[in-house]
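Numbering (this note's numbering), first residue to last: 82 to 163.
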Ligand SMILES: [Zn+2]
C-alpha cells in the first residue's frame with residue numbers, strides 16, 4: 082500500500098503539457114493567486130461575486146484587507162488577469 086502511494090506521489094511530481102487540467106486546478110486564490118486544486122471549498126465575497134481562496138489563512142487576511150478598505154489590491158490583480 083505505501084509502495085503504491087509513493088509511486089503515485091512520484092508520478093504526480095512530473096509536469097507535463099495539460100498537467101494543470103489533469104490535476105483539477107479550477108481556480109486561483111483571490112488573495113495569494115496560488116492555483117486551487119479540485120473544487121474550491123473556501124469562498125469570500127468580493128464586489129458582489131463569490132471568489133475562491135486556497136486556505137483559511139488567505140480567507141482571514143482577505144477579510145482584514147477588505148475591513149481596512151484596501152480592496153484596490155484585489156481590484157488591480159483582477160484587472161490584470163482579465
Ligand atoms: Zn491563498
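Beta carbons are placed, not taken as given, at the ideal position from N, Cα and C, and that holds for glycine.
Given the structure is predicted, the values throughout are model-derived calculations rather than measurements.
Straight-line gap, residue i to residue j (C-alpha atoms, nearest Å)
i	j	result
residue 149	residue 112	15 Å
residue 138	residue 123	11 Å
residue 107	residue 118	7 Å
residue 128	residue 153	11 Å
residue 140	residue 125	7 Å
residue 147	residue 105	29 Å
residue 143	residue 109	14 Å
Nearest-angstrom Cβ-Cβ length linking residue i and residue j, presumed shorter than 8 Å
i	j	result
residue 116	residue 133	Not a contact, Cβ separation roughly 10 Å.
residue 158	residue 114	7 Å
Three-state secondary structure (DSSP) of residue i
i	result
residue 126	strand
residue 137	helix
residue 33	Any question about residue 33 goes unanswered here, given that the chain covers just 82 to 163.
Residue burial classification, residue i (beta-carbon count within 10 angstroms, cutoff 16)
i	result
residue 145	exposed
Per DSSP, cross-strand counterpart(s) of residue i
i	result
residue 111	DSSP, once it has assigned bridges, lists no residue as partnering residue 111.
residue 158	Per DSSP, none; premise fails for residue 158.
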